[in-house]
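S.K.: Structure provided below as C-alpha cells; questions to follow.
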Amino acid sequence: MRIFAKEHTALLPVWLCVNFALINNAGAAFNKPEIDETLAAIVNYERGMSREPLIAVEKLIRESQNQPEQRKYIELQLAELLDEATLESKSFICRQLWFIGTADSVPAIAKLLMDEETADIACYAIGQNPSEEAGKTLREALNNVSPKVQIRIINLLGDRNDNQSVEAIGKLVSGTEREVSEAAVAAIGKIGGARAIQLLIETRAKGDSELRFAATDAYLRCAEDLMFEGETKQATVIYKELADKNETPIIRSAAIKGLADIGGQDIVPLVIAALRDENRMVRTTARSCVRTMEGNGVTEQIAGELSKTSPDEQVLLIGALADRGDVTALPAITAAAKSTNPEVRKAVLQAVGKLGDASFVGYLVKAATEGLSSEEKSIAVKSLTLLRGSRIDDAIVQSMQNSLPSMRQQLIQVLGERNAVDAVPSLLAEAAHQDRKVSQAAFKTLGRLADEKHLPSLIKLLAKTEDSSSRREAERAVIAVSRKISEPSKQADAVSTELGGEKLVAFRCSLLRVLGGIANSKALRTLEEALKEANPIVQDTSIRTLAKWPNAAAAEVLLEIYCSTQNQIHRQLALRGFVRLLSLPVQGRTAEKTLELCRRAMQQAKSSAEQKLVLSGLSNVSDPEAMEMVEPFLQVEEVRGEAATAAIKIAGTIIDTHGERAKTAMNKLLAISNDEDLRKQAGEIVLHIEELKTKTRQ
C-alpha cells in the first residue's frame with residue numbers, strides 16, 4: 000500500500016521525497032529478460048572486440064546499487080555464465096564479482112580454482128569476498144590444485160588472515176616444493192596467533208637455512224603484529240629471541256628496533272649491548288634507537304656508556320643523546336669534553352647547544368674564547384644561537400659585557416641571530432664602544448632588532464660616531480629602523496626634524512645619506528632644500544645621495560642639477576643618475592613626459608660622452624618619438640654605435656605597433672653601419688616585420 004499518493008509528494012520536503020523514491024525502487028520489480036539479454040551479450044567476448052557490451056554490464060551494476068534484489072539477480076546470472084563464457088569474458092565477470100560477489104557466487108568461482116588458466120582470476124574474484132563460504136572454498140581447494148595455484152591460494156589465505164587455515168597451510172611447510180613451503184611460512188606469519196607462532200618456532204628449529212630465514216622473517220612479522228595489538232609481553236619474548244647473536248645482522252637489527260619501540264628499563268641493557276656489538280649494522284640501529292626509546296632512567300643508563308666506547312662511537316652516541324632532548328644526559332656529555340679527540344669535543348659543543356640552558360652560556364663562551372681550534376670556537380658560537388629557554392639572552396648580554404672586543408663582537412652577532420629584542424638597550428651601549436668592530440657589529444644588529452621607539456637613541460649615537468666605517472653602519476641602522484615605521488609618509492620625519500636643527504656638517508651629511516636610504520617623498524623634498532645650502536660638502540653629499548636614489552622619483556631633480564650646475568663632477572653625477580632612473584618604472588609618468596625630459600637632457604649635452612649617456616636612456620623608451628630623437632645621431636660618427644644600439648632596442652619594442660617606422664630606421668642603420676653584429680640585429684628586425692606583413696595579408 001502506498002503511504003502517499005503520487006500527486007501529494009510534491010508537497011513533501013525534497014529529502015523525504017528522495018527517501019520514498021529509494022524505498023519504492025528498492026522493492027520495485029525489474030526487467031529480468033532485459034538483464035538476461037545484456038549479460039548474455041558478453042559471453043563470447045574476446046580481446047579486440049567492441050567493449051560496448053562490457054560497458055553496458057558495468058552500467059547495469061552501478062544502477063543496481065540501491066536495488067538489492069536486482070543486484071543479487073545479476074550476481075547469480077553472472078556466476079552461471081562462467082560455465083560457458085570465453086576466457087576474456089570470465090576475466091571480466093570475475094572483476095565484477097570482486098565488486099558485488101557474495102556467498103551465492105562462490106560455488107561457480109570455485110570451479111575456476113581447479114584450472115591453472117583461470118585460478119588467478121578466480122582468486123581475484125573471491126579474495127575480498129567476506130563470506131565464510133569464500134574462506135572454506137579456498138581451504139578445500141588447497142590440497143586439490145597444482146603447486147602454482149597452491150601458492151596463489153596460500154598467499155590469499157594469508158592476506159585474509161584466515162585463522163582456520165593455519166593447520167592446513169602448516170602441513171605444506173614441510174612439503175617438497177620449496178616455493179610452496181616459503182609461501183606457507185609467509186602466510187602463517189601474516190595470520191599470526193599462538194598456533195602460527197608454534198609452527199614458526201618448529202620450522203626455525205628444523206628447517207634448512209633458506210626456509211629458516213623465511214620462517215624467521217615471518218616470526219618477526221608476528222612480533223610486530225603482537226606489538227601493534229598491545230601484546231607487548233609476547234612480542235618482547237620473540238624480539239629477545241631474534242636479537243640473539245646467532246641471528247643475521249638484519250634480523251637482529253629489526254628485533255632491537257622492536258625492543259626499543261616497546262621500551263622500558265629492562266630493555267635498555269639489550270640496546271646498550273647492541274651499541275657495543277661487533278656488527279656495524281647492529282650498532283647503527285642501536286644508536287638510532289637511543290633517539291626514540293622511552294622510559295624513566297633510560298637516558299642516564301645510555302649516557303653511562305659514553306666513557307666505555309671508542310671516540311668514533313662517542314661522537315655518534317653524543318649526537319643520538321642530544322636528539323633525545325633529555326637534559327639528564329648533559330653531565331655525561333660534558334664530561335666527554337676532556338677528550339683528546341677533536342671530533343668528540345665538537346660533538347659535545349653541538350649537543351650542549353641542543354640541550355643546554357642559561358647556565359651553559361658561560362661554558363660555551365669559554366669554549367668560543369679558548370677552544371683548541373677555530374672550528375671548535377665556531378661551533379661553540381653557533382651553539383649559543385641554538386640554546387633555548389628563559390634568561391639565555393640575559394646571560395649572553397652579561398657575558399658580552401665582560402668579554403674582550405673580539406668575543407664581544409661575536410656575542411653581539413649571536414644576539415642578532417637569536418632575535419634578542421630585549422637586548423636592544425645593551426646593544427645601544429655597545430654601539431658607543433671605543434672598539435671599531437664592536438661598534439660596527441652593534442649597529443648592524445640594531446638595524447635588525449631595534450624599532451621605532453629606539454630611533455631617537457640611534458640618531459644620537461650616529462651624531463657621536465666619528466669612525467667613518469662605524470658611521471656607515473650607524474646610517475644603515477637608522478635607515479633600517481626608519482623603514483620599520485608602518486606609515487611610509489612618516490618614515491623620514493625623525494631624521495628630517497633632526498636635520499633642521501643640526502649645524503655640524505659631518506652629522507648633516509650622515510642624515511642626508513640616511514634620507515637617501517629612506518627615499519620617500521619627504522626625504523626627497525628635504526634633499527632638494529639641502530641643494531640650496533652654501534656649504535659645498537653638504538651640496539656634494541646631497542647630489543651624490545640623489546644620484547643613488549633607489550626609485551625614479553628623483554629623475555627630474557637630477558635633470559635640473561645637470562642643466563644648472565657649473566660643477567663638472569656634479570654634472571656628470573646628475574646625468575648618470577638621471578639616465579639610470581629613466582629605466583625604472585614610475586607611477587603617473589607617461590612616455591611623452593619621459594621624452595620631454597630626454598630632449599632637455601640632450602639639448603644640454605656638451606660632449607659625445609654626455610650624448611651617449613642620454614642615448615642609453617632613450618633606449619628604454621618604447622615610443623616611435625624616441626626613434627625620432629635617436630635617428631639623427633646615426634649620422635654622427637662619435638656616437639653612432641650608441642645610437643644604433645638604442646635604435647635597435649626601441650625598434651624591438653615598437654615592432655608590433657609601428658612596424659613601418661621601425662623598418663625605416665633599421666634600413667637607415669643598415670645603410671650606414673659597418674658593425675656586423677648591429678647589422679645582423681637590424682636585419683632580423685626588418686625580416687620579422689616583413690613576415691608580419693605577409694601573415695596579415697594572408
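Everything in the sequence shown is counted per numbering that gives the first Met the number 0, starting at 0 for the first residue and increasing by one.
Glycine included, C-beta positions come from ideal geometry on N, C-alpha and C.
Cβ atoms of Ala331 and Arg290: under 8 angstroms apart, would you say?
M.R.: No, the Cβ-Cβ distance between Arg290 and Ala331 is not below 8 angstroms.
S.K.: For Tyr698, does the three-state DSSP call read helix, strand or coil?
M.R.: Beyond the ends of the chain as shown, which are 0 and 697, falls residue 698; an answer cannot be given.
S.K.: For Arg639, verify whether its CB is less than 7 angstroms away from any heavy atom of the ligand GTP.
M.R.: No copy of the ligand GTP appears in this structure; indeed no ligand is present at all.
S.K.: Note down, in chain order, each residue of its chain lying with its Cβ closer than 8 angstroms to the Cβ of Thr75, except the 5 sequence neighbours on either side.
M.R.: Going by the sequence as given, residue 75 is Leu instead of Thr. The answer, listed in chain order, is Asp103, Ser104.
S.K.: At 4 residues or longer, what runs of the alpha helix (DSSP H) sit wholly inside the region 280-352?
M.R.: Correct list: 297-302, 310-323, 329-334.
S.K.: Compare the beta carbon distance of Cys508 and Thr540 with 8 angstroms and say whether it is the shorter of the two.
M.R.: Yes. Within cutoff.
S.K.: Applying the 10 Å Cβ sphere with the 16-neighbour rule, what's the burial state of Glu374?
M.R.: Per the 10 Å Cβ criterion, exposed.
S.K.: CA-CA distance, Met665 and Ala681?
M.R.: Their Cα atoms are separated by approximately 5 angstroms.
S.K.: Just reading off the alpha helix (DSSP H) that Gln412 is part of, what are its end residues?
M.R.: Start and end: 404-416.
S.K.: Roughly how many angstroms lie between the CA atoms of Gly324 and Val477, to the nearest whole one?
M.R.: Cα-Cα distance, rounded: 40 angstroms.
S.K.: Which term fits Glu474, buried or exposed, when burial requires 16 or more other beta carbons within 10 angstroms of its beta carbon?
M.R.: Looking at its Cβ environment, which holds 16 or more other Cβ atoms inside 10 Å, Glu474 is buried.
S.K.: Rounded to a whole number of angstroms, what is the C-alpha to C-alpha distance between Lys337 and Ser306?
M.R.: So the two alpha carbons sit approximately 11 angstroms from each other.
S.K.: At 4 residues or longer, what runs of the alpha helix (DSSP H) sit wholly inside the region 464-506?
M.R.: Segments of the alpha helix (DSSP H) lying fully in the region 464-506: 467-481, 492-499.
S.K.: Check Gly26 in the structure and name its three-state DSSP category.
M.R.: With a pLDDT of 47 at Gly26, under the threshold of 50, the predicted position of this residue should be treated as unreliable, though the coordinate-derived value follows. Looking at Gly26 - three-state DSSP - the assignment turns out to be coil, as it is neither helix nor strand.
S.K.: Would you identify the three-state DSSP class for Trp97, choosing helix, strand or coil?
M.R.: It is helical.
S.K.: Straight-line CA distance for Ala449 to Val420?
M.R.: Using only the alpha carbons, I get a separation of about 7 angstroms.
S.K.: Give the single residue among Ala273, Ala551, Asp622 whose Cα lies nearest to the Cα of Thr308.
M.R.: Closest option to Thr308, Cα to Cα, is Ala273.
S.K.: Where does the unbroken alpha helix (DSSP H) through Gln149 begin, and where does it stop?
M.R.: Residues 146-158.
S.K.: Look at the Cβ atom of Leu526, then the Cβ atom of Leu514, and state whether they are nearer than 8 angstroms.
M.R.: Yes, the Cβ-Cβ distance between Leu526 and Leu514 is below 8 angstroms.
S.K.: With a threshold of 8 angstroms, are at least 3 pairs of Cβ atoms found where one atom belongs to the region 599-615 and the other to the region 635-651?
M.R.: Counting Cβ pairs under 8 angstroms, three or more are found: they touch.
S.K.: Taking the alpha carbon of Met384 as the reference point, which residue from Val364, Arg447, Leu668, Val638 has its own alpha carbon closest?
M.R.: Sequence inspection shows Thr at residue 384; the Met mentioned does not correspond to that position. Comparing Cα positions, the closest option is Val364.
S.K.: Which whole-angstrom value describes the C-beta separation of Glu342 and Val314, a residue pair presumed to lie in contact below a C-beta threshold of 8 angstroms?
M.R.: Rounded, the Cβ-Cβ distance is 5 angstroms, consistent with contact.
S.K.: Across the region 181-198 and the region 213-227, are there enough close Cβ pairs to call them in contact, namely three or more that are closer than 8 angstroms?
M.R.: Touching, yes, given that three or more Cβ pairs across the two stretches are closer than 8 angstroms.
S.K.: With H, G and I counted as helix, E and B as strand and the rest as coil, what does DSSP make of Pro455?
M.R.: DSSP places Pro455 in helix when its eight states are reduced to three.
S.K.: Less than 8 angstroms between the CB atoms is what I'm expecting for Leu77 and Ile92, so what's the real figure, rounded?
M.R.: Yes, Leu77 and Ile92 are in contact; Cβ-Cβ is about 5 angstroms, under 8 angstroms.
S.K.: Which ranges would you report for the alpha helix (DSSP H) in the region 584-629 if only whole runs of at least 4 residues count?
M.R.: Qualifying alpha helix (DSSP H) stretches, in chain order: 590-603, 607-617, 623-629.
S.K.: Using only CA atoms, which one of Glu277, Asp260, Ala222 lies nearest to Thr247?
M.R.: Answer by Cα proximity: Glu277.
S.K.: Could you name the residues of the same chain whose beta carbon sits closer than 7 angstroms to that of Thr231, not counting the 5 residues immediately before and after it, in chain order?
M.R.: Cβ neighbours of Thr231 beyond the five flanking positions: Ile261.
S.K.: Quick check: what's the CA-CA separation for Gly361 versus Ala493?
M.R.: In a straight line, the C-alpha of Gly361 is about 40 angstroms away from that of Ala493.
S.K.: Indicate whether Gly294 and Gly257 have their beta-carbon atoms separated by less than 8 angstroms.
M.R.: Cβ distance not < 8 angstroms, so Gly294 and Gly257 don't count as in contact.
S.K.: Please report the straight-line C-alpha distance between Thr656 and Ile649, rounded to a whole angstrom.
M.R.: Going from the Cα of Thr656 to the Cα of Ile649 covers about 12 angstroms.
S.K.: Count the other CB atoms within 10 Å of the CB of Phe359; is the residue buried (16 or more) or exposed (fewer)?
M.R.: Per the 10 Å Cβ criterion, buried.
S.K.: Would you check if the distance between the CB atom of Ala328 and the CB atom of Gln349 is smaller than 8 angstroms?
M.R.: Taking 8 angstroms as the Cβ cut-off, Ala328 and Gln349 do not qualify as a contacting pair.
S.K.: Check this for me: beta carbons of Leu669 and Ala646, under 8 angstroms apart or not?
M.R.: Cβ atoms of Leu669 and Ala646: not closer than 8 angstroms.
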